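Line by line, the protein sequences are chains A and B.
Here this note's numbering is used: the first residue of the first sequence is 1, the next is one more, and so on.
Here this note's numbering is used: the first residue of the second sequence is 1001, the next is one more, and so on.
Glycine is no exception: its CB is placed at the ideal position from the N, C-alpha and C atoms.
Predicted model, so just to flag it, every value in this text is computed and none were measured.
Number of protein chains: 2
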Amino acid sequence: MPRTIPVVENILNANDQLAAANQARLETNRVLGVNILASPGAGKTSLILRTITALSSQLHLAVLEGDTASVTIDADKISALGVPAVQINTGGQCHLDAKMVQAALAQFDLKILDCLIVENVGNLICTADFRLGTHINVLIASIPEGDDKPYKYPAIYRGVDALIINKIDLLPYVPFNLDYFQLGVEALNPGLVSFPLSCQTGEGLDKWISWLTRQIQKANSG
Amino acid sequence: MPRTIPVVENILNANDQLAAANQARLETNRVLGVNILASPGAGKTSLILRTITALSSQLHLAVLEGDTASVTIDADKISALGVPAVQINTGGQCHLDAKMVQAALAQFDLKILDCLIVENVGNLICTADFRLGTHINVLIASIPEGDDKPYKYPAIYRGVDALIINKIDLLPYVPFNLDYFQLGVEALNPGLVSFPLSCQTGEGLDKWISWLTRQIQKANSG
């Protein structure tokens, strides 16, 4: 459908401009923006809940929840931990965009925040194309999804700044060749920092928390 | 972005017309078209391989492989079982559409086929909107993805004709409330036929194979 391409390009340009404005607004307030990307059920909410539990006594966090439907399952879990959560219902759209994030930013008191975590819609394709204005894109891969995902969804692996390999507690029960997986990742995104962990058991979470804390401290003092 | 809506509507109308033409072409040749939908890593290819192994000695199957990248990992696995496989590289697009399927149909000898299985792109959102001309839409849910997926991705659950609940061998190792999951499914798609199974161990596959065989026989004699 070549006739639609100019429209798509215009949307992306407009989106990039809004994303830059969002980023500037976060930086004015010394807030680190973190965009969490994954397929459905890889553990986005679980990682965010674990991160809140580890950090919310020392740092001011908030969460922007992207969902394609109106259910507030995830936002409710986050609010229950005493952290501000704003839900964006994309109305069936398959990704967040910078305009949605811009509208949501108005609902947070950015001056007191250290880090805003954005939970994107569960999708490995469309989310890769839309900048939001966050500083760090974190992709969660999940062991039971299989070891071939970098080869099949290369675009999203190319564009991220950190990789969580979640559900490592399931490694004994599913076929997953870690070398093959990492070879694929390395070809797409050489040197990408990665954190094998389990949000279920807590194994490996400390390294992710330390790394994220350093990124937040850099943004706060920058 | 309201200005884009008319374009999207036109695309969908054009797609529906092509989908109807694809379906008529399959029916002229008494071929059952089956569209397999799931998030990345839920087990689309594994289910197709299991289905081929069970049925290819009695029935003529073929597979149309949708991928967002040029890798032929899945198509190669299917070809290795001696079944015709055609790959569609969507060039980063997040779903198959009827035009892509139309082009691929020309590459099969439909007269000798009983069933064409389409493996859609791994995506729970965008794939729900585009009819392909297949007769049956089958959604694969996966136990490690969690029990809240019907609540979070309602559109795709509403539009399918059968549900596979894959990776039941992982039930002892992950939190998954089957009652909560099934309550969500029932609210969206009352009476939906479902097949709990494991493509890894083979458990539960017989019921899926029997059901699919009956659908193929109906289409062949219809």
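In DSSP terms, what residue i is bridged to
i	result
Ala38 of chain A	A:Ile140
Asn166 of chain A	A:Ser142
Asn89 of chain A	A:Asp67
Cys1115 of chain B	B:Leu1032, B:Leu1061
Phe181 of chain A	According to DSSP, which records beta bridges pairwise, Phe181 of chain A is partnered with nothing at all.
Beta carbon proximity, residue i to chain B, threshold 8 Å
i	result
Cys126 of chain A	yes
Pro2 of chain A	Because the pLDDT of Pro2 of chain A is 40, which lies under 50, any placement of that residue in the model is unreliable, and the question is left without a value.
Gln185 of chain A	Here residue 185 of chain A is Val; the residue named in the question, Gln, does not match the sequence. No - not a single Cβ of chain B is within 8 Å of the one on Val185 of chain A.
Pro196 of chain A	no
Gly202 of chain A	no
Pick from the options that is closest to residue i, judged by C-alpha positions
i	options	result
Arg131 of chain A	A:Asn189, A:Gly41, A:Val160	A:Val160
Asn1120 of chain B	B:Lys1111, B:Ala1098, B:Glu1203, B:Tyr1180	B:Ala1098
Cys1126 of chain B	A:Asp129, A:Asp179, A:Ser221, A:Cys94	A:Cys94
Met100 of chain A	A:Leu81, A:Leu18, A:Asp169, A:Ala128	A:Leu18
Glu145 of chain A	A:Leu59, A:Leu170, A:Leu61	A:Leu170
Leu81 of chain A	A:Ser46, A:Leu37, A:Ile88, A:Ala103	A:Ser46
Asp1067 of chain B	B:Ala1038, B:Arg1050, B:Ala1187, B:Thr1051	B:Ala1038
Val1071 of chain B	A:Tyr153, A:Thr134, A:Gln200	A:Tyr153
Gly122 of chain A	A:Asp114, A:Leu110, A:Gly92	A:Gly92
Leu1105 of chain B	B:Asn1166, B:Val1138, B:Ala1155, B:Asn1029	B:Asn1029
Thr1201 of chain B	A:Pro196, A:Pro175, A:Gln182, A:Glu186	A:Pro175
Leu1192 of chain B	B:Ala1162, B:Leu1116, B:Ile1140, B:Gly1041	B:Ala1162
Asp1179 of chain B	B:Asp1206, B:Gly1204, B:Tyr1173, B:Lys1149	B:Lys1149
Glu32 of chain A	A:Asn189, A:Ser57, A:Ala62, A:Gly41	Checking the sequence shown, residue 32 of chain A turns out to be Leu, not Glu. The shortest Cα separation from Leu32 of chain A among A:Asn189, A:Ser57, A:Ala62, A:Gly41 belongs to A:Ala62.
His135 of chain A	A:Glu27, A:Leu124, A:Ala14	A:Glu27
Ala1223 of chain B	A:Ala24, A:Leu12, A:Asp147, A:Leu49	Outside the shown range of chain B (1001 to 1222) lies residue 1223 of chain B, about which nothing can therefore be said.
Asp1129 of chain B	B:Ser1142, B:Leu1113, B:Ala1155, B:Leu1197	B:Ala1155
Arg214 of chain A	A:Thr53, A:Leu59, A:Asn35	A:Leu59
Asp76 of chain A	A:Ala54, A:Leu197, A:Ile48, A:Ser57	A:Ile48
Ala69 of chain A	B:Ile1209, B:Leu1124, B:Val1138	B:Leu1124
Asn1035 of chain B	B:Leu1139, B:Arg1050, B:Asn1189	B:Leu1139
Start and end residues, beta strand (DSSP E) containing residue i
i	result
Val193 of chain A	193-196
Interface flag, residue i vs chain A, CB-CB below 8 Å
i	result
Gly1133 of chain B	no
Ile1191 of chain B	In the sequence as displayed, the identity of residue 1191 of chain B is Gly instead of Ile. Not one chain A Cβ lies under 8 Å of Gly1191 of chain B.
Tyr1173 of chain B	yes
Asn1123 of chain B	yes
Asp1016 of chain B	no
N-terminal and C-terminal residue of the alpha helix (DSSP H) that residue i is part of
i	result
Asp74 of chain A	73-79
Ala155 of chain A	154-158
Gln1217 of chain B	1205-1221
Val1121 of chain B	Neither: Val1121 of chain B is in no alpha helix (DSSP H) and is coded neither H nor E.
Val101 of chain A	98-105
Thr127 of chain A	Thr127 of chain A -> no alpha helix (DSSP H), and no H or E assigned at all.
Thr1201 of chain B	Here Thr1201 of chain B belongs to no alpha helix (DSSP H), and DSSP marks it neither H nor E.
Thr1051 of chain B	1044-1055
Any non-hydrogen atom of the ligand GTP within 7 Å of residue i CB
i	result
Val34 of chain A	Because no ligand of any kind appears in the structure shown, any question about the ligand GTP cannot be addressed here.
8 Å Cβ cutoff, residue i in contact with chain E
i	result
Ala103 of chain A	Any reference to chain E falls outside this structure, whose protein chains are A and B.
| request: Taking only beta carbons into account, state which residues of the region 94-106 of chain A come closer than 7 Å to chain B, listed in chain order. | output: Cys94
| said: For the region 1142-1170 of chain B, list every residue whose C-beta sits within 9 Å of some C-beta in chain A, in sequence order. | reply: Ser1142, Ile1143, Pro1144, Glu1145, Gly1146, Asp1148, Lys1149, Tyr1151, Lys1152, Tyr1153, Pro1154, Ala1155, Lys1167, Asp1169, Leu1170
| request: Below 7 Å between beta carbons is the criterion; list the residues of the region 1061-1094 of chain B that meet it against any residue of chain A, in chain order. | output: Asp1067, Thr1068, Ala1069, Val1071, Ile1073, Gly1092, Cys1094
| said: At a CB distance below 7 Å, what residues from the region 31-56 of chain A approach chain B? Give them in sequence order. | reply: Ser39, Pro40, Gly41
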